[in-house]
Each structure stands twice: as structure tokens, then as C-alpha cells.
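*Asks:*
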Amino acid sequence: MKRLANSQAGFSMIELMIVVALTALGLVTLLKMQAQTLQAVGSSRTIAEAANLGNHLLESLKLEAVEWSMDGTLMIAQTARFPHLSQAGSPNPGSGSGWLRTMLPDTTEKLVGPLGNDALLDTGLLTQFPWDRNRRFCVQYRLTWLLADWLMRADVRVLWVRDNSRVGLYDECPDDMENDPANVGFVSIGGAIMRNMFIK
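Residue numbers (this note's numbering): 17 to 216.
Here it is, written out as C-alpha cells:
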């Protein structure tokens with residue numbers, strides 16, 4: 017009778033080991049979930065920053081088009097006045113520029129931060145916020161004529177190297193980096209750029 021009372025008085029060593037193992041398993045699972053949540057938040061932030069940067073470039077192209085009131089051949093000849101739009105090439109429907117890099121810093125690395133680095137349109141912004149902070153984006157755009165002398169399509173893509181990729185893999189922003197989806201993420205934005213018909 018005494019033996020039975022002793023065995024019921026406390027936990028056995030096996031029961032204690034099971035409790036410790038289950039607690040450890042729960043903590044490991046909780047830590048893993050926390051790490052995945054932090055990674056998802058980081059990915060969402062990168063996507064949002066890339067989308068904002070792409071929209072910023074698209075709006076810069078539209079702002080540049082506000083002064084475009086002449087035929088396309090004259091417009092593309094004025095590279096100082098239309099630094100981006102003049103790259104569209106001959107104003108024939110279907111023709112265009114191909115993918116062009118933009119916001120390029122004067123360094124061997126071609127990455128920019130989430131604010132971009134357009135020296136023409138962002139001079140005020142760049143005095144307040146340095147362009148080279150948190151540099152991880154490659155910015156490219158392509159212009160395609162839809163209506164000769166009047167309307168073109170602008171495609172903007174912002175690319176970045178994923179967090180789990182090798183550092184320095186795409187520092188020079190090559191044109192074909194979007195072909196490596198295992199290491200590169202990108203956001204693509206399109207819009208129309210129209211000649212200003214209200215000014216002469």
C-alpha cells in the first residue's frame with residue numbers, strides 16, 4: 017500500500033521528460049513562426065517600396081510629357097529637355113526603346129534606394145534624403161510608340177535581389193536579371209504617356 021502512495025505522489029521521470037520535450041517543441045515552433053512572420057513583413061515592405069519607386073518613375077515620365085507639345089521627331093531630338101522620353105526612338109507605331117536603365121548612380125554599383133536617384137526631378141528630395149540609403153533596387157523602363165507623334169506606352173520595372181541570395185549577385189543591374197526568379201524579385205508597372213495637346 018505504501019508503494020502505491022509514493023508512485024501517485026509526484027511525476028515520474030518519463031512524464032517529466034515528455035513535458036519538457038513538448039514544451040521545447042512548442043517553443044521551437046513558435047520561434048520558427050516568428051521568423052517566418054518577420055521575413056514576410058520584410059518582403060511586403062520591399063514590394064511596397066519597389067511599387068512606390070516604379071510609380072515615382074512613371075509619374076516623372078508623365079511630368080516630363082507635360083512639356084511635349086511638338087511632333088515626336090522634334091521631341092526625341094531634344095535630349096536635354098526630354099531626358100527620358102527622347103529615348104523612345106523613331107515615332108512609328110510599335111517601335112520603341114527596349115529596356116533602359118535609369119536613376120543610375122556614378123558608382124560601379126547601379127543599385128538605388130527606395131527614393132530613387134533622378135538628379136533632374138528629385139533634386140529637392142535628394143537634399144533631404146540621401147539616395148544611397150538602403151540601396152537594393154534596379155530601375156528600368158521601356159517606351160513603345162502606340163500612335164505616332166501622340167501616344168506611347170511606358171513600362172517600368174523595379175528589380176531587387178532576394179534576401180536569401182548571394183550578396184553582390186546583381187550589383188550592376190544587368191538587363192536580363194529578371195530571368196532569375198529564384199534570386200530576383202520584381203514589380204512591373206505600365207502606363208500611357210501622351211503628348212500635351214493643350215499647349216502649342
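The beta carbon of each residue, even a glycine, is placed where N, CA and C say it ideally should be.
Give the secondary structure of Gly184 by DSSP, where H, G and I count as helix, E and B as strand, and everything else as coil.
*Replies:* Position 168 of the sequence shown, counted from the first residue, corresponds to residue 184. Reduced to three states, the DSSP call for Gly184 is coil.
*Asks:* Measuring CA to CA, which of Leu47, Asp171 and Met33 is closest to Val203?
*Replies:* Within the sequence shown, the letter at position 187 stands for residue 203. Considering only alpha carbons, the answer is Asp171.
*Asks:* With the cut-off set at 8 Å, would you say Pro107 and Trp161 are in Cβ contact?
*Replies:* In the sequence shown, residue 107 corresponds to position 91, counting from 1. In the sequence shown, residue 161 corresponds to position 145, counting from 1. Contact: yes.
*Asks:* Using the rule of at least 16 other Cβ atoms within 10 Å of the residue's Cβ for burial, across every protein chain shown, is Pro8 buried or exposed?
*Replies:* This structure gives no information on residue 8, because the portion of the chain shown stretches from 17 to 216.
*Asks:* Give me, in chain order, the residues of the same chain whose beta-carbon lies closer than 8 Å to that of Asn150; leave out the 5 immediate sequence neighbours on both sides.
*Replies:* Your numbering for residue 150 matches position 134 in the sequence shown. Cβ neighbours of Asn150 beyond the five flanking positions: Gly129 and Pro130.
*Asks:* Secondary structure at Val35, three-state DSSP: helix, strand or coil?
*Replies:* As a working mapping, residue 35 is identified with position 19 in the sequence shown. Helix.
*Asks:* How should Gly110 be labelled, buried or exposed, when 16 other C-beta atoms within 10 angstroms of its C-beta is the threshold for buried?
*Replies:* Here residue 110 corresponds to residue number 94 of the sequence shown, with the count starting at 1. Exposed, because fewer than 16 other Cβ atoms sit within 10 Å of the Cβ of Gly110.
*Asks:* Buried or exposed for Met17, going by 16 or more other Cβ atoms inside 10 Å?
*Replies:* As a position in the sequence shown, residue 17 is number 1, starting the count at 1. For Met17, the predicted structure reports a pLDDT of 46, less than 50, and the residue's modelled location is therefore unreliable. The matter cannot be settled from this model.
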